[in-house]
Structures are given as structure tokens and as C-alpha cells.
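>
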Amino acid sequence: GAGVSQTPSNKVTEKGKYVELRCDPISGHTALYWYRQSLGQGPEFLIYFQGTGAADDSGLPNDRFFAVRPEGSVSTLKIQRTERGDSAVYLCASSLTSATTGELFFGEGSRLTVL
Amino acid sequence: AQSVTQPDIHITVSEGASLELRCNYSYGATPYLFWYVQSPGQGLQLLLKYFSGDTLVQGIKGFEAEFKRSQSSFNLRKPSVHWSDAAEYFCAVGAGSGGNKLVFGAGTILRVKS
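Residue numbers (my numbering), protein chains in the order written: chain G, -19 to 95; chain E, 205 to 318.
(1) Could you have a look at ARG273 (chain E) and say whether DSSP puts it in helix, strand or coil?
(2) Can you name, in chain order, every residue of its own chain whose Cβ lies under 7 angstroms from the Cβ of GLU63 (chain G), other than the five neighbours on each side?
(3) Going by DSSP in three states, ASP4 (chain G) sits in which element: helix, strand or coil?
(4) Could you give the first and the last residue of the continuous beta strand (DSSP E) run that contains TRP14 (chain G)?
(5) What three-state label does DSSP hand ARG315 (chain E) in the structure shown?
(6) Are the C-beta atoms of TYR28 (chain G) and some chain E residue less than 8 angstroms apart?
(7) Look at LEU225 (chain E) and LEU306 (chain E) and say whether their C-beta atoms are less than 8 angstroms apart.
(8) Confirm, please, whether the CB-CB distance from ARG44 (chain G) to ILE27 (chain G) is below 8 angstroms.
(9) For a quick check, are the C-beta atoms of SER74 (chain G) and VAL(-16) (chain G) less than 8 angstroms apart?
(10) How many whole angstroms separate the CB atoms of VAL69 (chain G) and SER90 (chain G), which I take to be in contact at a CB cut-off of 8 angstroms?
Dropping the structure here:
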């Protein structure tokens, strides 16, 4: 596709369950970012990949959150033992090189609701 | 720690009127600054960015922003607002190593009345 694709667009789960959110970046973009946006807030940085490796994971809130990008393209954000406080829109973005030299292209997000 | 403040949660302007959205940042070095717009059902879109050089930067859709180091501000302006500009606007600063970690403000919701 032409843009960043995120699936699912909506996910409702129960407290304690495991969730995976997928991001398919723009073809050829080497940098990939995950952000979380809670209601009434701006996006909050979670993790940044350059290629296959996580260049900065300082925004992951705790060890229940994990992200991978095994082939340097598609990325999966994994949340274990979900809590109600994890409810938010999870945004993925990609860029050709890096945020400081290129534009970040954002997907529409995956809305996670934990009941 | 880096931070961004957008003092106005909501702003309402009449169509055709001028617009200024305020943004103040906290960052120790020369900042990388961005404005993004988020329309319902769409992803965040970059309006403009400042890295260095001319402090007045032009963006898409007729928007511009001015970097003022002395005021730690990067306000967004548009001389004449269109109804299609109604959206939420986010200011961000590039933080972390190389500035790749964007720190966003809480956003300003713009309403346009006819």
C-alpha cells in the first residue's frame, strides 16, 4: 500500500489477555516508530527501530510491552497481561531515514480497549 | 527532560480569519521542532519542521511557523483559515540521541465557524 498500515484498527480484550498489534511501514523506510496516544493527550514515544534493531526502547512503560521487527519491515507490538490502563490508540510511523532528516508518516492507529 | 506545552486545548476561529497556535518547548540544545495535524480518521500528517537556518518556516496548506529561541516558542500561523483546517494540531520536539524520539504536546483542537 501507499501508506503505513496498522492492524487491527480496533481491538477489544479482557484484562490479563495477550495482544499483538501489527504495523506495515511504507516500503523502503528503514526507521519505524511506535507511539501511544491516550484520550486527550499527544502521542507518547514507545520505541524506535532502525532496521531490525531497537535503537531506542526507553519509552516502553514496563516489561509487559515488547516489540519486534525481525526482517526490518513489518513490526509487531506485543502486550502481555493487559491492564485497563493500557487502553489507548497505538500509533505506528515510518520514515525513510530518521525523524531528524525525514518526515514521519503515521498510520491511522490501532485502538485498544481493555475491559 | 524535554517537554512541549500547548497552552490552548481548544481554539475557535471564523472562516477567513487568521490563526495562531501557541507552542513552548523545553530543551537544552538546539531543538528540532515539528507541527503535525490530525484529522478524524486520518493519521498524523507533518505540516512543517524546523532544524536550523531561517527561523520562519513555510509548510503545507498555507501554514507557517516561527522559531523564537529567546521565548522557547514555535508558534503556528495561518493568515486565512478554511473550514477544512478544523482538526487537532500537535507541536513536537525531537529528543533523545539524534532527535529521533519526538516528544509531543497535548494538542490544540481547532474549530472553524462559518
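Just so you know, even glycine gets a beta-carbon here, dropped at the ideal spot from N, CA and C.
Taking the geometry as given:
(1) Sequence index remark: in the second sequence, residue 273 (chain E) carries index 69 (1-based). Residue state, collapsed to three classes: helix.
(2) Translated into positions along the first sequence, residue 63 (chain G) becomes position 83. Hits under 7 angstroms: LYS(-5) and VAL94.
(3) Within the first sequence, the letter at position 24 stands for residue 4 (chain G). Of the three classes helix, strand and coil, the one that applies to ASP4 (chain G) here is strand, per DSSP.
(4) Along the first sequence, one-based indexing puts residue 14 (chain G) at 34. That run of the beta strand (DSSP E) goes 11 to 17.
(5) On the second sequence, residue 315 (chain E) is found 111 positions in, with the first residue counted as 1. Of the three classes helix, strand and coil, the one that applies to ARG315 (chain E) here is strand, per DSSP.
(6) Here residue 28 (chain G) is taken as the residue at index 48 of the first sequence, counted from 1. Closer than 8 angstroms to some Cβ of chain E, the Cβ of TYR28 (chain G) qualifies, so yes.
(7) Taking the first residue of the second sequence as 1, we reach residue 225 (chain E) at position 21. Taking the first residue of the second sequence as 1, we reach residue 306 (chain E) at position 102. Their beta carbons are not under 8 angstroms apart, which means LEU225 (chain E) does not touch LEU306 (chain E) by this criterion.
(8) Position 47 of the first sequence, counted from the start, is the residue given in the question as residue 27 (chain G). Position 64 of the first sequence, counted from the start, is the residue given in the question as residue 44 (chain G). It is not a contact, given that the beta carbons lie outside the stated cut-off.
(9) Residue mapping note: residue 74 (chain G) aligns to position 94 of the first sequence, counting from 1. Residue mapping note: residue -16 (chain G) aligns to position 4 of the first sequence, counting from 1. Yes, these two residues count as a Cβ contact at 8 angstroms.
(10) The sequence position of residue 69 (chain G) within the first sequence is 89, counting from 1. The sequence position of residue 90 (chain G) within the first sequence is 110, counting from 1. The Cβ separation is near 7 angstroms, so the contact holds.
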